[in-house]
Structures are given as C-alpha cells and as structure tokens.
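Those protein sequence lines, which keep their order, are chains A and B.
Throughout the first sequence, residue numbering follows this note's numbering, covering 159 to 359 in sequence.
Throughout the second sequence, residue numbering follows this note's numbering, covering 159 to 359 in sequence.
No residue lacks a Cβ here, since even glycine has one placed at the ideal position from N, Cα and C.
Bear in mind that the values here come from a model prediction, so they are computed numbers and not experimental data.
There are 2 protein chains.
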Amino acid sequence: MTSQDHPPAPVPGIAPAEFLRALTTRTAVRAYTDTSITLETVNALLEGMQAAPSAGNTQAWSFIVIREPRNIRRLRAFAPGVIGHPALVVLACSDDSRGPEYPSEKQVRTLCVAMAVQNLLLTAHAHGLGACPVHSFAPEPLRLLFDLPPYLQPVLLVPIGIPAHQRSPSSRRASDEVISYETHGQREPVSHGAPRGATTT
Amino acid sequence: MTSQDHPPAPVPGIAPAEFLRALTTRTAVRAYTDTSITLETVNALLEGMQAAPSAGNTQAWSFIVIREPRNIRRLRAFAPGVIGHPALVVLACSDDSRGPEYPSEKQVRTLCVAMAVQNLLLTAHAHGLGACPVHSFAPEPLRLLFDLPPYLQPVLLVPIGIPAHQRSPSSRRASDEVISYETHGQREPVSHGAPRGATTT
Numbered sequence: 159m160t161s162q163d164h165p166p167a168p169v170p171g172i173a174p175a176e177f178l179r180a181l182t183t184r185t186a187v188r189a190y191t192d193t194s195i196t197l198e199t200v201n202a203l204l205e206g207m208q209a210a211p212s213a214g215n216t217q218a219w220s221f222i223v224i225r226e227p228r229n230i231r232r233l234r235a236f237a238p239g240v241i242g243h244p245a246l247v248v249l250a251c252s253d254d255s256r257g258p259e260y261p262s263e264k265q266v267r268t269l270c271v272a273m274a275v276q277n278l279l280l281t282a283h284a285h286g287l288g289a290c291p292v293h294s295f296a297p298e299p300l301r302l303l304f305d306l307p308p309y310l311q312p313v314l315l316v317p318i319g320i321p322a323h324q325r326s327p328s329s330r331r332a333s334d335e336v337i338s339y340e341t342h343g344q345r346e347p348v349s350h351g352a353p354r355g356a357t358t359t
Numbered sequence: 159m160t161s162q163d164h165p166p167a168p169v170p171g172i173a174p175a176e177f178l179r180a181l182t183t184r185t186a187v188r189a190y191t192d193t194s195i196t197l198e199t200v201n202a203l204l205e206g207m208q209a210a211p212s213a214g215n216t217q218a219w220s221f222i223v224i225r226e227p228r229n230i231r232r233l234r235a236f237a238p239g240v241i242g243h244p245a246l247v248v249l250a251c252s253d254d255s256r257g258p259e260y261p262s263e264k265q266v267r268t269l270c271v272a273m274a275v276q277n278l279l280l281t282a283h284a285h286g287l288g289a290c291p292v293h294s295f296a297p298e299p300l301r302l303l304f305d306l307p308p309y310l311q312p313v314l315l316v317p318i319g320i321p322a323h324q325r326s327p328s329s330r331r332a333s334d335e336v337i338s339y340e341t342h343g344q345r346e347p348v349s350h351g352a353p354r355g356a357t358t359t
C-alpha cells in the first residue's frame, strides 16, 4: 500500500488549505450595499456556476439573471426569502426538456442545479460578494414574471451583492453528530487492517 | 451609483481568477490508483463538505465515510454508478429528523446535501484527488448495509481516490443556451438605464 500525505494541488497558485479556507469563510449574506456589480464580474460568476457537475453532461439547467431594479422589486414581492436589495438575482431552474420524465431523473436534474448554485455562491464569495440560496418563493408568479416555459422548474433564487456588513460563518454541528465511519453511528474511523485492494488469499 | 470593478478577495492568498480556475478544472473522475488517502486529508474533505449552506442552519444531513475495502466491495454491488475502485466513498444523506415533513422542506434538505457534496467534490479536487457524484444506486440495500435509520434518506454517493489519469473537464453548453437576462429567452444583458434603487419619480 502506498499512502500519499500531500497530493499535489492541481490548481497552480492555490494550496489545498487556502482553498478550504475559501469554503469555510463563506456564509449566507442577506444585506447588501447599493453598489452595482460589473458585467465582467457577473460573467465570472456565471462561468463558475456552469462548471458544476452534470449527470450525463446533459446540463439540464437554465438560469435567468435579473439585474433591472424594477424586475428585482417585482421578484421580491413573490420571494419573501429575498430580504435585502441585491445587485442581481439569479433564478436557477432545472430543464425537463433535456432528459426523461421519471422521478429519479427529475431529482438528478434538481441536484445538479443545487450544485451549480453552490459554485455560484462560492465564486461570489471569492469575488468579495455576498449571496444566499433562497427557496422561499412562489413559483407560479415567478414563472409568469420571467416568461418561464413549462419545462423549466424553478429550484432556487440567489440574490447577490456587495455585503453591507462583515459576517462570520454560522456554527457547524459537531463532526461526531453528522459523520459516521463504515456504518451509521460508528463515530471513529476504523484502522485499515489490510492493504486496500488486497485479495483474501 | 457606484460600481466596483475589482472587489477585494475575502480569502487571503486566493485571487478570484485562481479560485475560478479551481472550479473550472474539476471534472468527474471514475478511475483511481490503489493509493490510499490519509485520515488527515479525509478530515479536510469533511470540513469543506460541512461548510455548505444549510437552510435555517439545521444541517439536516448525515454522512457515512466508507473506507474498508470489504465495505466498498459490498457497496459497489448495489451501486452500478461506482465504477472504479475508490479509496473511500461518502454516502450523503438528508436527515428528516431535523425538520418538518412537508414536501418543500424535504426538498430543501436534499438541496443542502447536494451543495455539501459539491463542496466535497471541490475540496477533493483542490487536494489533487478525483471524485464523482453518483445517483445510480439501490437505496434499500445500502440502508441495510450501512445501518441507516428510517429518517435518513440517501441522496448521493461520492467515490474518491487518486486519479488514475489526467482528465480534462467536459465541454459546457454555450452560455447563450443556458443564460437569459431579465426574462427567459433574452440572451443579452440589458444596459442599466437608471441607478439601481432610484425611485420612479
């Protein structure tokens, strides 16, 4: 058995520990300054978002970027989860026109949209922006407001802006409440008794 | 209106462009060497995973880390989506004991698990590891194998290992197929005619 303590970082210029710090310093931001965000930055956010995993690489998703103040005001009327006044809101939808209709496939498309939203939140954080995933909205009015065809299903809203305040990440549950090893409820890792991949002979 | 071209990066040592490169160079990895992964690295992966957003900070999730070769072999018998021989597999579940039972809340818990999985995939990538989200598995046998209580719902499996080969990210759909501005189908951003937040007087 070989064991590798420090595999090489595949991303030049980013050490694993720095990358981890980027993830652990992100938190939900719901209050924003009235500073706008350039299209160049918006494009970077969208690029990060679209790099998310996609089952079978179908990329069965569609995103509406809402930047016009009038449209954001209309949206907020049907989205109580959008609290502050963001510079933009991304409406993230799954696209049922790009795959079969049975429930497990619909579920997979929804999971991929959630992963794209997580990439969006992280890219925003890396740009010094604040964002928040919002599930509290009325889908039918949004469907009408933003001309969604029937095959698009709204999954999450993501308001984004310059944070009005510095916020610390919320606390996490203790690892031994949420992590098990080998079977549920086993709170400590089992030491490897045999090289992995060894046969039983 | 103020406009900010280059908001400060909130993560010392990581420029936004480098962070974005970390996201866009990740891809699904399904073939692994037989190198094992240290517990120190596993702990870093779990820390990144648990930093994902959580609705109401309920952290309604539970993760089983499967490292024993015998257990991975058993799992693979019921998970055709796990193709190679990973050093470990994370079974990511939502936890229905931590919130109401109505469908929209169950859906939110599932989305949060998907976002945690995305953090796990990215942290693995930053450590030079390869991983892949897997939805193709039989939940009931896994429930028995890993002693899952009825309130845990398996959402995704994540096999992780040292990549056997270098892989390039799969191609992405053209942005103008998946991004709209203001309303669905509007493929170009609208220029801001008025300062955001201005009233209509």
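- By the C-beta criterion, the segment 239 to 246 of chain B is judged to be in contact with the segment 286 to 299 of chain B, since at least 3 inter-stretch pairs fall below 8 angstroms.
- Any Cβ of chain B closer than 7 angstroms to the Cβ of A/A209 would place that residue at the interface, and such an atom is present.
- Under the DSSP assignment, B/G214 falls outside any beta strand (DSSP E); it carries neither an H nor an E label.
- Rounded to whole angstroms, the gap between the alpha carbons of B/T191 and B/I320 is 6 angstroms.
- Separation of B/V200 and A/D305 (C-alpha to C-alpha, rounded to the nearest whole angstrom) is 45 angstroms.
- A/T268 is a Cβ neighbour of A/V313, given a cutoff of 7 angstroms.
- Under the 8 angstroms Cβ criterion, the segment 272 to 280 of chain A does not count as touching the segment 333 to 349 of chain A, having fewer than three qualifying pairs.
- Counting C-beta pairs closer than 8 angstroms gives fewer than three between the segment 295 to 310 of chain B and the segment 201 to 212 of chain B, which falls short of the contact rule.
- Pairing B/Q311 with B/S252 gives a Cβ-Cβ distance under 7 angstroms.
- Within the segment 176 to 189 of chain B, the residues whose Cβ lies closer than 9 angstroms to some Cβ of chain A are E176, F177, L178, R179, A180, L181, T182, T183, R184, T185 and A186, listed in chain order.
- Residue state for B/D253 is assigned as strand, using DSSP reduced to three classes.
- Using a Cβ-Cβ cut-off of 9 angstroms, A/F304 is close to S338, E340, T341 and H342 of chain B, given in chain order.
- Listed along chain B are A213, S262, Q265, V266 and L269, each with a C-beta nearer than 8 angstroms to that of A/H293.
- Neighbours of B/F221 in chain A, taken as residues whose beta carbon is under 9 angstroms from its own, are V336, I337 and S338 in chain order.
- Where B/V271 is concerned, there is no enclosing beta strand (DSSP E), although the alpha helix (DSSP H) around it starts and stops at P261 to A284.
- Assignment of B/V200 by DSSP, reduced to helix, strand and coil, places it in the helix class.
- When the alpha-carbon of A/P211 is set against those of B/I230, B/K264, B/N277 and B/P258, the nearest one is in B/N277.
- Of B/G171, B/P308, B/A173 and B/Q324, the smallest CA-CA separation from B/V187 is found for B/Q324.
- Not one beta carbon of chain A lies nearer than 7 angstroms to the beta carbon of B/E346.
- The beta carbon of A/I241 does not come within 7 angstroms of any beta carbon belonging to chain B, so the residue lies off that interface.
- For the pair A/R256 and A/A213, the CB atoms are not nearer than the 7 angstroms cut-off.
- In this structure, the beta-carbon distance from A/A175 to B/P174 does not fall below 7 angstroms.
- Under the criterion of beta carbons closer than 8 angstroms, B/I230 and B/A282 do not qualify as touching, at roughly 16 angstroms.
- At a cut-off of 7 angstroms between beta carbons, B/L197 contacts chain A.
- Looking at A/V316, A/R330, A/E263 and A/S329, the one whose alpha-carbon comes closest to that of A/G239 is A/V316.
- Scanning chain A for C-beta atoms nearer than 9 angstroms to the C-beta of B/A235 yields nothing, as the closest lies near 16 angstroms away.
- No Cβ of chain A is located within less than 7 angstroms of the beta carbon of B/V316.
- Assignment of B/V247 by DSSP, reduced to helix, strand and coil, places it in the strand class.
- With 16 or more other Cβ atoms inside 10 Å of its own Cβ, B/S220 counts as buried.
- About 37 angstroms separates the beta carbons of B/F177 and B/F236, which is beyond the 8 angstroms limit, so they are not a contact pair.
- Residues of chain B whose Cβ lies closer than 9 angstroms to the Cβ of A/A202 are, in chain order, P174, A175 and L178.
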